[in-house]
Ligand SMILES: [Zn+2]
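Residue numbers (the numbering used here): 1096 to 1279.
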């Protein structure tokens, strides 16, 4: 009988430790996110990828040059692969006719005719302007996704998924801050 009680006590203590550990883990993760930035999450894993090396693209600027040309928030997303918070960007609910260009080098990237309401809180397009967007495999956050960058300057735009509407079935999910807009 005593052994049974002892066993039950051991099990209860073990469960207590597990709950405590998972709680402290969550707590420190949450803290990290808050520290990163209020509106932008930066993906440090991706920064180490060589895919966006300067030499791969026509526009060859040093990170210091980009830092001078872009605002802090633009730099965080375009050059450090950050993500703006959903429903905070200027273009997710934007319906004018024209062309969306790269926020860093102004290359034409998306036609407003291909923009649609995805409900994600980020501007979404079912197609890019031919060949101007480069796709890169992104294995961060324990997922395999396809990152999209401007093929002229290598700046980060967002990701492309295959759950979009007809005719392509693709969803280019792009940060507003990675884009500028030229009205038709
Ligand atoms: Zn660009």
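Heads up, the beta-carbon is just placed ideally off N, CA and C, and yes, glycines get one too. On a predicted model such as this, the values are computed, not experimentally measured, just so you know.
Buried or exposed by the 16-neighbour rule on C-beta atoms within 10 Å, applied to residue i
{"i": "residue 1265", "result": "buried"}
{"i": "residue 1234", "result": "exposed"}
{"i": "residue 1251", "result": "buried"}
{"i": "residue 1143", "result": "With a pLDDT of only 49 at residue 1143, under 50, the local geometry of the prediction cannot be trusted, and the value read off the model is given with reservation. With fewer than 16 other Cβ atoms within 10 Å, it is exposed."}
{"i": "residue 1246", "result": "buried"}
{"i": "residue 1150", "result": "exposed"}
{"i": "residue 1177", "result": "buried"}
Range covered by the beta strand (DSSP E) that runs through residue i
{"i": "residue 1267", "result": "1266–1269"}
{"i": "residue 1277", "result": "1274–1278"}
Beta-ladder partner(s) of residue i, from DSSP
{"i": "residue 1210", "result": "1220"}
{"i": "residue 1243", "result": "1230 and 1253"}
{"i": "residue 1203", "result": "1196"}
Proximity test, residue i beta-carbon vs ligand 1 heavy atom, cut-off 7 Å
{"i": "residue 1270", "result": "no"}
{"i": "residue 1168", "result": "no"}
{"i": "residue 1250", "result": "yes"}
{"i": "residue 1247", "result": "yes"}
{"i": "residue 1160", "result": "no"}
{"i": "residue 1175", "result": "no"}
{"i": "residue 1199", "result": "yes"}
{"i": "residue 1202", "result": "yes"}
The alpha helix (DSSP H) enclosing residue i, as first and last residue numbers
{"i": "residue 1195", "result": "No alpha helix (DSSP H) holds residue 1195; the beta strand (DSSP E) holding it covers 1193–1197."}
{"i": "residue 1170", "result": "1167–1173"}
Problem set entry | Touching by the beta-carbon criterion (3+ pairs, under 8 Å), the segment 1182–1193 and the segment 1230–1249 | no
Exercise. Taking one C-beta from the segment 1242–1257 and one from the segment 1217–1230 each time, how about it: are there three or more such pairs within less than 8 Å?
Worked result: yes
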